[in-house]
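Residue numbers (the working numbering), protein chains in the order written: chain A, 10 to 178; chain B, 15 to 796; chain C, 278 to 566. Note that beta-carbon positions come from the ideal geometry of N, C-alpha and C, so glycine has one too. In this text, all values refer to a predicted model and were calculated from it rather than measured experimentally. What follows is a short report on a single structure.
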Amino acid sequence: MAARTKVSIRINGTAYSHEVEPRLLLVHYLRDVVGLTGTHIGCETSICGACTIMLNGAAVKSCTVLTVQADGGEVLTIEGLAQGEELHPIQEGFWECHGLQCGYCTPGMILSTYQLLLRDSKPSEDEIRHAIDGNLCRCTGYQHIVDAVQYAAKKLRQKAVGNRILDPI
Amino acid sequence: MPVSKLVGAKVRRREDPRLIRGLAHYVDDISLPGILHVAILRSPYAHARIKGIQTEAALQVPRVVAVFTGSDIGDRVGAVPVASQNPTLRVPKRAVLASDKVCFVGEAVAAVVAEDRYAATDALDRIRVDYEPLPVVSDPEKALGRESPVIHSEWPDNVAFRWTLKQGNLSKVFKDADKVVKQRLVHQRLAPIALEPRGVVARYFPGEGELTLWSSTQIPHLLKTQLSLMLKLPENYVRVIAPEVGGGFGSKLNVYAEEALLGYLAMKLNRPVKWIEGRRENIQATIHGRGQVGEVEVAAERDGTILGLQYRVIADIGAYHQLLTPGIPPLTGLMLSGAYKIPAISIEVTGVFTNKMSTDAYRGAGRPEATYVVERMMDRVARELGMDPVKIRRKNFPKPKEFPFKTATGLVYDSGNYQLALDKALKLVGYEKWKRQQKRLRSQGRYLGIGLSTYVEICAMGPSAAMPAGGWEYGAVRVEPTGKVTILTGVSPHGQGQETSFAQIVADELGVEIDDITVIHGDTAVVASGIGTFGSRATAVGGTAVLQAAQRVKEKAREIAAHLFEADLEDLVFADGKFSVKGVPKKGITLEQIALEAHMARKLPKKMEPGLSATAVFEPSNFTFPFGAHICVVEVDPKSGAVEIKKYVAVDDCGKVINPLLVDGQIQGGIAQGLGQALYEEVIYDENGQLLTGSLMDYALPRAKDVPRFELARTETPTPVNPLGAKGVGEAGTIGSTPAIVNAVVDALSPFGVTHIDMPLRPEKIWRLCQAKEAASAGGRR
Amino acid sequence: MIPAAFDYLAPATLEEAIRALGTHGEEVKLLAGGHSLLPLMKLRLASPTLLVDLGRIPSLGLISQEGDKILIGALSTHYQIESSKLLKEKCPLLPQTARVIGDVQVRNRGTIGGSLAHADPAADMPAPILALAGELRATGPQGERRLKAEDFFLGLMATALSPTEILTEIRVPLLSGRCGTAYLKAPQKASGFALVGVAVWLKLSASGICEDIGIGVAGLAAKPFRAKGVERRLRGKNLNPSLIEEAASHTAQGVDPMEDIHASGEFRADLARLYAARAIQEAAKRAGV
């Protein structure tokens, strides 16, 4: 077995430090080591996007990132989005617009939306569909998800202070 | 005050907060102290004899606890079950781990148990299996040939079962008809691809003798029964829990080898065990859908009246049966009348063994095939007769006053107004405008197509007499001492939203706040009994059971209130969540107060049992038959073969709507899946039985960019079959959409002389047809 | 689903990385964004014993201008390229291509260097680099080496890089004058990779003559290539639709097209002709034809 490596990663604002095997996938680290099981695994080939998280301000598929690659980084997972009981506007959008059914793709879908709205506060429907192209949903047919993203974008624009609408964690 | 009339309102889902916060628990999110991880070694051969398995090297891998093969398990775990009453059925034994031979790529041959999943995976590479490859047959038509390899030696013809249905004077009808149109149709194999793969956690308490199994299943109660039989454990010591389940679409309406295997391993090792299916395993070893090849013939009069339909179909079963495998093609047969009056119908099904994974129920399960056959043929016949596809449909619809309508296949369609749905869809899409546009663009060398599908489907499954394992459903309503209401249901939602819709039904019935209601499902130790979620049955059958339980609770509450008021039952009125005596509305008593009295049990009527709860089991008298009209407009680029969906309109009638938000969601998701079948999806095995679409890198699902914005509308024709008037909507979108899209593409390509294309309508197929035509016409010019 | 075990090094300098390559031989692999390598490792189609992560080497991920060239660090992500203001203005073919690679998450992570060095025949990035006649720079124990894009791709997943060399930088020309570019691809539906992808840049003279043109083709053959026959037929000509179509019809000439369940060779070849014509047309339109 390969030598274990020490990693320190901030996840949802909390610092974590562990010795891990270099081959440990980030998604397994989050789920099995840290215990944050909101990030899901839906394929093995970086296609489905269920494992999407934010790493250093960019949405990534955490099944295709080694934990050691994230050493020293900042991670945002679905569990870190709400402020206490207050839902994030994106979560609110998914709820209001019935943007989920079985819920399995939802955390990844929400994080991809987070990425989109970080870069574009007023995306068109086409841009939304382009932005969630890396996230498969088998239940909804995507329409309510698009509605949810539009809802969230609008809500965030209303809440925006200056140009910063999201904290780019 | 409680809002009355939640039924019919767009209530946002009560299950969502845990899901959107990432706090829900799917099987893989469950961890137990001392849990071990299981990885399964699967056959790389489609057909091979197992001459030996060496597991010693795998056991040397650090953190590996045990390795099991088929011979280690022997008869201690029973075979994978199949539910069918078909007398012609042949059932090959499907062991949870193969020991003598394997019959498809992905069949399980060994299981590694380790302290973590990385070690378990490492150990798989160290197991050596000595296979002797056998001849393979993967094409069901070839499997019927004399020269074909034989999969199960008991049945050299590879026939798994036969099923036929004949009604009407077919030979006369076909002899006298003005027009007979024939077509060969292929319904390709599909992979359901629920986004959460399957997964199982099993725990055994030897002291209590209790096995608890968490599984990503649609049918916890049926699974509990089957597990007890397979594991030879008394059923009352088996508990199955379906925690959060990430989609099913029929793929989890089954009893799988891994479920029993994990139960066995937990008992054998005395430690909890977990197995989580990978996506590649999922495509290899979770059931597939569709897989039919058929020849259809339709007889019609010159004016478009359909006289008869014959369908001979080969159903590609795979190597073994799963739970409902032989039950799917008969559903196709029963639904072959579609939304039309067809006096003579026959179907001959031949189920055929092939060296592939089993086919079974996938969203629609038999009805998409029937609808595709009928709707494709309505267009084919219309084209032959030079009629508009709208006109031929109108001509053959039963009229609203003809319901209940009996089909030649023996079904009784409960209620319907097919014309109304079609008219609404035509108006919504702007049919005539598109027809003009089509004409105009064709002159510019652009190819627009308009496709219709007016479907009817069978759901709310169903009367027990017509089901393989019971068609009733269980519901219970319990008012807790504090007045909170608990609903227990035997259905097992996994995305459909019954935690919300059932609460709406009960909130209205009992006049309580929806937030004071909770819906419990999916735990056989908590919910007394049940059948499960499939066949678009949960609301129509399970919702009715819940409604009836609530009505019983209300009746008991009324008796208690009458007793407390010392009034006659008839003098009590119920309004705004309170019982009061007629004429004295101010002096009311709430359900909460009654609940407390019911539990304190000091002032109850004589002989009344304490407590305030009731159960109900609803047995439907018939299936229900939702229907609708889907219209799709496409543009096809003959040079690249690309299909662009320009507009999609769907008018669906699922009877009474409990929650429009949920109904729209079901329709939209259903259409996207039907679109997947029409355009992209196909499980491909080569002639050696190797799976060529073994991951999502090769098996294409629709993405957000591939799917247009659907325009939805409804008509609402309640069913008389249940008091809710609800028919069911889980599969309608999938059933209605596929033929609409295919019909649109074929229509677009009619200038190229195209009358049919087999699905999926991949660009290359379209390109070839257009090339052939261009070559032919170029040749003609020369 | 889980990679086999390996040792891991994350050097802080290029020299250290090169040294690691030299001492571990065949079993060592370089890790950039990981979006080509990690999927193979998860499927255990690749099982290196040592992984050298380039991600901790600063300066490999910068995009800058130097004279009439744009310098792109090998670790620049597809998203950096897609969103680079410099590239959008001065060499838009790269952002146009980057935008249709994979999906957002893949573009955030996948790198240009990783993609080129992996040399997957269905990857998009080689097409524009070939069209632009880019220059690739690689550093090994003997120092830096310059490679023409055309000489870089040798075959199916094979490049001119030696096992001890690291691709460090890609240089593309700054486009000025009446230039037009386009990247069009027919994606493989499931994976998003290119069944065929055609990248075009062209330059028109003041009078509208095609002064120069570069066409790179991905997906069609085991290695991405420059469609020189097509270029030759257009260089020095006045571009019009029938000329473009005629020229593009030579795109697949002399090429042995790949075949799989997603597209036959015949179809791929025809798609290449079609997409070449459309991409040239589009580039010409953007140049103001």
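Where DSSP assigns a beta bridge to residue i, which residues make up the other side?
i	result
Glu362 of chain B	B:Thr178 and B:Arg326
Lys462 of chain C	C:Gly474
Lys420 of chain B	B:Val426
Phe632 of chain B	B:Glu487
Trp228 of chain B	B:Val215 and B:Ile255
Cys594 of chain B	Note on identity: in this sequence residue 594 of chain B is Ser, with Cys being the wrong assignment. Ser594 of chain B is bridged to B:Val587.
Ala314 of chain B	B:Lys193 and B:Ile320
Could you spell out where the alpha helix (DSSP H) holding residue i opens and where it closes?
i	result
Glu543 of chain C	Gly542 to Ala564
Val287 of chain B	Unbroken run through Val287 of chain B is the beta strand (DSSP E), Val287 to Ile290; no alpha helix (DSSP H).
Ile406 of chain B	Pro403 to Asn410
Phe429 of chain C	Ala426 to Phe429
Asp114 of chain B	Careful: Asp114 of chain B lies outside any alpha helix (DSSP H) and carries neither H nor E.
With 7 Å as the threshold, decide whether the Cβ of residue i is near any Cβ in chain B.
i	result
Thr5 of chain A	In the structure displayed, chain A extends from 10 to 178; residue 5 of chain A sits before or after that span and is not available.
Met278 of chain C	yes
Thr122 of chain A	no
Lys362 of chain C	no
Thr23 of chain A	no
Ala437 of chain C	no
Lys462 of chain C	no
Quick check on residue i - is its C-beta less than 7 Å from some C-beta in chain C?
i	result
Asn172 of chain A	Confidence at Asn172 of chain A is low in this model, with a pLDDT of 44, below 50, so its placement is unreliable and no value can be given for it.
Lys163 of chain A	no
Tyr699 of chain B	no
Ser71 of chain A	no
Arg796 of chain B	At Arg796 of chain B, the pLDDT of 44 sits below 50, so the modelled position is not reliable; the number obtained from the coordinates is stated separately. It does not: the Cβ of Arg796 of chain B has no partner Cβ on chain C nearer than 7 Å.
Thr61 of chain A	yes
Val36 of chain A	no
Met711 of chain B	yes
For chain A, check one thing: does any of its Cβ atoms lie closer than 7 Å to the Cβ of residue i?
i	result
Glu293 of chain C	no
Gln682 of chain B	yes
Leu33 of chain B	yes
Asp317 of chain B	no
Ile685 of chain B	yes
Pro316 of chain C	yes
Val381 of chain C	yes
Arg321 of chain C	no
Ile207 of chain B	yes
His312 of chain C	yes
Val17 of chain B	Only weak support is given to the placement of Val17 of chain B: the predicted model assigns it a pLDDT of 45, under 50, and the question is left unresolved by the model.
What span of residues does the beta strand (DSSP E) with residue i cover, start to end?
i	result
Val697 of chain B	Segment: none, Val697 of chain B is in no beta strand (DSSP E) and carries neither H nor E.
Phe82 of chain B	Val78 to Thr83
Thr468 of chain B	Tyr461 to Val470
Thr532 of chain B	Ile531 to His535
Ile20 of chain A	Thr14 to Ile20
Ala62 of chain B	Ala62 to Gln68
Arg723 of chain B	Here Arg723 of chain B belongs to no beta strand (DSSP E), and DSSP marks it neither H nor E.
Pro147 of chain B	Arg142 to Pro147
Compute every distance between the C-beta of residue i and the non-hydrogen atoms of the ligand GDP, then say whether any falls below 6 Å.
i	result
Ala157 of chain A	Ligands displayed in this structure: none; no statement on the ligand GDP is therefore possible.
Note to self: Can you confirm whether the region 278-292 of chain B touches the region 358-367 of chain B when touching is taken to mean that 3 or more C-beta pairs between the two stretches lie within less than 8 Å?
What the structure shows: By the C-beta criterion, the region 358-367 of chain B is judged not to be in contact with the region 278-292 of chain B, since fewer than 3 inter-stretch pairs fall below 8 Å.
Next item on the list: Give a yes or no on contact between the region 246-255 of chain B and the region 315-331 of chain B, applying the rule of three or more CB pairs nearer than 8 Å.
Entry: The region 246-255 of chain B is not in contact with the region 315-331 of chain B.
Check: Which runs of the beta strand (DSSP E) fall wholly inside the region 475-523 of chain B and span at least 3 residues, in chain order?
Finding: Within the region 475-523 of chain B, complete beta strand (DSSP E) segments of at least 3 residues are found at 487-493 and 499-503, given in chain order.
Note to self: Please give me, in chain order, every unbroken run of the beta strand (DSSP E) with length at least 3 that falls completely inside the region 24-79 of chain A.
What the structure shows: DSSP runs (the beta strand (DSSP E)) wholly in the region 24-79 of chain A: 61-64 and 67-70.
Notebook entry, point to check: Counting pairs of beta carbons, one from the region 400-419 of chain B and one from the region 298-309 of chain B, are three or more of them closer than 8 Å?
Noted result: No, the region 400-419 of chain B does not touch the region 298-309 of chain B.
Margin query: With a threshold of 8 Å, are at least 3 pairs of Cβ atoms found where one atom belongs to the region 518-538 of chain B and the other to the region 443-458 of chain B?
Written below: Using a C-beta cut-off of 8 Å, the region 518-538 of chain B makes no contact with the region 443-458 of chain B, since fewer than three inter-stretch Cβ pairs fall below that distance.
Next item on the list: Indicate whether the contact test is met: 3 or more Cβ pairs, each with one atom in the region 146-154 of chain A and one in the region 81-95 of chain A, closer than 8 Å.
Entry: Between the region 146-154 of chain A and the region 81-95 of chain A there are fewer than three inter-stretch CB-CB distances shorter than 8 Å, so the stretches are not counted as touching.
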